[in-house]
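Undergrad: Each residue of the sequence shown is one higher than the last, beginning at 1 in UniProt numbering.
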Amino acid sequence: MVLWKCSVCGYVFEGAEAPDKCPKCGAPKEKFVKLSDVEEKLVLRSRLSNSLHIEAYTLLQRLVEIAEKGIQDNLDPPCVKIFTEEKEFALNTMQKIKAELEAHMKKGKWG
Numbered sequence: 001m002v003l004w005k006c007s008v009c010g011y012v013f014e015g016a017e018a019p020d021k022c023p024k025c026g027a028p029k030e031k032f033v034k035l036s037d038v039e040e041k042l043v044l045r046s047r048l049s050n051s052l053h054i055e056a057y058t059l060l061q062r063l064v065e066i067a068e069k070g071i072q073d074n075l076d077p078p079c080v081k082i083f084t085e086e087k088e089f090a091l092n093t094m095q096k097i098k099a100e101l102e103a104h105m106k107k108g109k110w111g
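(1) Once the 5 residues before and after Leu-42 are set aside, which same chain residues still bring their CB inside 8 Å of it?
(2) According to DSSP, is Glu-17 helix, strand or coil?
(3) Check this for me: beta carbons of Val-64 and Lys-29, under 8 Å apart or not?
(4) Can you tell which of Gly-70, Arg-62 and Cys-25 has its C-alpha closest to the C-alpha of Ala-90?
(5) Pull up the distance between the alpha-carbon of Lys-34 and that of Asp-20, whole angstroms please.
(6) With H, G and I counted as helix, E and B as strand and the rest as coil, what does DSSP make of Cys-25?
(7) Should Gly-26 be labelled buried (16 or more other beta-carbon atoms within 10 Å of its own) or exposed?
(8) Please classify Cys-9 as buried or exposed, where buried requires at least 16 neighbouring CB atoms within 10 angstroms.
(9) Per DSSP, what kind of secondary structure is Leu-91 in: helix, strand or coil?
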């Protein structure tokens, strides 16, 4: 598998040759750069972890929704405390995931 990266928008294309135009931004074929073996390995190696982070982020969004409903229900102070802690945990972890994914992108571990 050969990976090509659009130098205009960062889209990563998989194929023997670069596409005639970028599927994302429409840039011409000449704007694609073939990733080196090292760059390609980083992208391929990182895909599982990146997708797991995205899946976890989605679950954490749901946890925020559930916690907010529990806070609104306001059954008793201990329940509200737990739901508040759950919400804070989810929001904090979501921020950590975003920061980690940004770090991956800056290190070429994305595509």
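From the three backbone atoms N, C-alpha and C, an ideal C-beta is built for every residue, glycine too. Keep in mind that this is a model prediction, so the values were computed, not measured.
TA: A quick look at the data gives this:
(1) On the sequence shown, position 42 is the one that residue 42 refers to. Cβ neighbours of Leu-42 beyond the five flanking positions: Lys-107, Gly-108 and Lys-109.
(2) Here residue 17 refers to the residue found at position 17 when the sequence shown is read from its first residue. In this structure, Glu-17 counts as coil in the three-state DSSP scheme.
(3) For the purposes of this step, residue 64 is taken as the residue at position 64 of the sequence shown. For the purposes of this step, residue 29 is taken as the residue at position 29 of the sequence shown. With respect to the 8 Å criterion, Val-64 and Lys-29 are not classified as neighbours on the basis of their beta carbons.
(4) Here residue 90 corresponds to residue number 90 of the sequence shown, with the count starting at 1. For Ala-90, the nearest C-alpha among the options comes from Arg-62.
(5) Position 34 of the sequence shown holds residue 34. Position 20 of the sequence shown holds residue 20. If I take the Cα positions, the gap works out to 14 Å.
(6) The residue labelled residue 25 in the question sits at position 25 within the sequence shown. It is coil, neither helix nor strand.
(7) Here residue 26 is taken as the residue at index 26 of the sequence shown, counted from 1. Burial call: exposed.
(8) Counting from one through the sequence shown, the residue named residue 9 turns up at place 9. The residue is exposed, with fewer than 16 neighbouring Cβ atoms inside 10 Å.
(9) Taking the first residue of the sequence shown as 1, we reach residue 91 at position 91. DSSP places Leu-91 in helix when its eight states are reduced to three.
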